[in-house]
Amino acid sequence: MVTQITKGIKISVDTFFQGTYYKEMKLHYAFEYSISIENQSSEVVQLNSRHWVILDSLNNEEVVNGEGVIGKKPVIRPGQIHKYKSGCLLASPFGAMYGYYRMINLSNTKKFNVIIPSFKLSAPFAIN
């Protein structure tokens, strides 16, 4: 598990290899990641958007921007934790992801970025 705290918001990430799949006649490696967003600050915040960079060991890079996470824009009060799971497909058995969440402090309407730490994606059968 990797963890990062930005402005009192703790992001923790766990990853899981889900198997191989064919998509568009090509072999892909499926990964699931589980994210925990813990508000350790004294302010109420809302997650508005996300920015991801997804890399694989073949030098492919995909940038993903979108509103919220899995269709939600959660409000996270002090001491609360919001958890969700998502996934990605890679063209190789190794890769990494990193990015940030765009948050808003609901008491003063200031927007800020919360870093999503870089985490590795690796198929266990491919590790020496």
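Note that the sequence shown covers residues 123 to 250 in my numbering.
C-beta atoms are modelled at their ideal positions from N, C-alpha and C, and glycine is treated no differently.
For this session: Kindly indicate which residue of Met219, Asn170, Tyr151 has the alpha-carbon position closest to the one of Thr142.
Result: Position 20 of the sequence shown, counting from 1, holds the residue named residue 142. Comparing Cα-Cα distances from Thr142 to each of Met219, Asn170, Tyr151, the minimum goes to Tyr151.
Exercise. Under a Cβ-count criterion, where at least 16 other Cβ atoms within 10 Å of its own Cβ denotes burial, should Thr137 be classed as buried or exposed?
Worked result: Residue numbering aside, residue 137 sits at position 15 when the sequence shown is read from its first letter. When all chains shown are included, Thr137 counts as buried.
For this session: Inspect the beta-carbon positions of Ser158 and Ser134 and report whether they are closer than 7 Å.
Result: The count along the sequence shown starts at 1 and reaches residue 158 at position 36. The count along the sequence shown starts at 1 and reaches residue 134 at position 12. Going by C-beta atoms, Ser158 is nearer than 7 Å to Ser134.
Problem set entry | Residue nearest to Tyr206 in terms of C-alpha spacing, selected from Ile237, Glu183, Lys232, Pro196 | Residue 206 sits at position 84 when you count from the first residue of the sequence shown. Cα-wise, what sits closest to Tyr206 is Pro196.
Exercise. Which residue or residues does DSSP assign as beta-bridge partners of Gln168?
Worked result: Start at 1 with the first residue of the sequence shown, and residue 168 comes out as number 46. According to DSSP, Gln168 bridges with Val197, Ile226.
Problem set entry | 7 Å Cβ cutoff met for Tyr220 and Ser240 | Stepping through the sequence shown from its first residue, residue 220 is reached at position 98. Stepping through the sequence shown from its first residue, residue 240 is reached at position 118. Result yes, Cβ atoms of Tyr220 and Ser240 sit closer than 7 Å.
Exercise. What do you get for Gly217, buried or exposed, if any count of 16 or more other CB atoms within 10 angstroms of its CB means buried?
Worked result: Taking the sequence shown and counting its residues from 1, the one referred to as residue 217 is at position 95. Under this definition Gly217 is a buried residue.
For this session: Check Pro246 in the structure and name its three-state DSSP category.
Result: For this step, residue 246 is matched to residue 124 along the sequence shown. Helix.
Exercise. If Asn187 sits next to His173, beta carbons under 8 Å apart, how far is it from one beta carbon to the other, in whole angstroms?
Worked result: Here the question's residue 187 lines up with position 65 in the sequence shown. Here the question's residue 173 lines up with position 51 in the sequence shown. Going by Cβ atoms, the distance from Asn187 to His173 rounds to 5 Å, so yes, they are a contact pair.
For this session: For Val185, count neighbouring Cβ atoms within 10 angstroms of its own Cβ and tell me buried if that reaches 16, exposed if not.
Result: Locating residue 185 in the sequence shown gives position 63, where the first residue counts as 1. Burial call: exposed.
Problem set entry | Among Asn230, Pro215, Val166, Ser208, the one whose alpha carbon lies nearest that of Lys242 | Locating residue 242 in the sequence shown gives position 120, counting from the first residue. Answer by Cα proximity: Pro215.
Problem set entry | Through-space distance from Gly193 to Gly201, alpha-carbon basis | Position 79 of the sequence shown holds residue 201. Position 71 of the sequence shown holds residue 193. Going by the C-alpha atoms only, they are around 23 Å apart.
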